[in-house]
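What follows is a short report on a single structure.
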Amino acid sequence: MTKTKEELVNQRLGKTIARRRKAAGYTQDEVAERLDIGKEAFSRIERGIAGASVYKLFVLADMFECGIESFLIEGSRRVTEQVEL
């Protein structure tokens, strides 16, 4: 089964969120609580099964002390955008 573009974007974004979370030293439980969602719901975001809302991206950026754009740039396939980091 071929994945849709949205599913591929969600997967890249989820991997970026997982990397940022680990680098910041948070557990999935801690982040899920801060987002006011269950651990399984947050796990689905990290695995790319569900997308993160813009609001949740802002909360994550505050937690991980980064700009919201970093999630989009790191999750991009475009080399020119990744160089900006």
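Each step along the sequence shown adds one to the number in my numbering, with nothing skipped, and position 42 is 110.
The beta-carbon is built from N, C-alpha and C at its ideal position, and this holds for glycine as well.
Tell me which residue opens and which closes the alpha helix (DSSP H) that residue i is part of.
{"i": "Arg89", "result": "73 to 92"}
{"i": "Ala118", "result": "Counting along the chain, Ala118 falls outside any alpha helix (DSSP H), and DSSP gives it neither H nor E."}
{"i": "Glu133", "result": "Per DSSP, Glu133 belongs to no alpha helix (DSSP H) and is neither H nor E."}
{"i": "Asp97", "result": "96 to 103"}
Spatial neighbours of residue i within its chain, please: CB distance less than 7 Å, with the 5 preceding and 5 following residues excluded, ordered by chain position.
{"i": "Leu125", "result": "Ile136, Phe139"}
{"i": "Gly82", "result": "Ile113, Glu114, Arg115, Gly116"}
{"i": "Ser111", "result": "Gln96"}
Going by beta carbon distance, what residues of the same chain come within less than 6 Å of residue i, once the five residues before and after it are set aside?
{"i": "Gly119", "result": "Asn78"}
{"i": "Ala109", "result": "none"}
{"i": "Thr72", "result": "none"}
{"i": "Arg88", "result": "Phe132"}
Are residue i and residue j touching if we call contact CB-CB under 8 Å?
{"i": "Thr95", "j": "Gly143", "result": "no"}
{"i": "Arg102", "j": "Val122", "result": "no"}
{"i": "Lys90", "j": "Asp97", "result": "no"}
Excluding the 5 residues flanking residue i on each side, which residues of the same chain have their C-beta closer than 8 Å to its C-beta?
{"i": "Ala92", "result": "Met131, Phe132, Glu133"}
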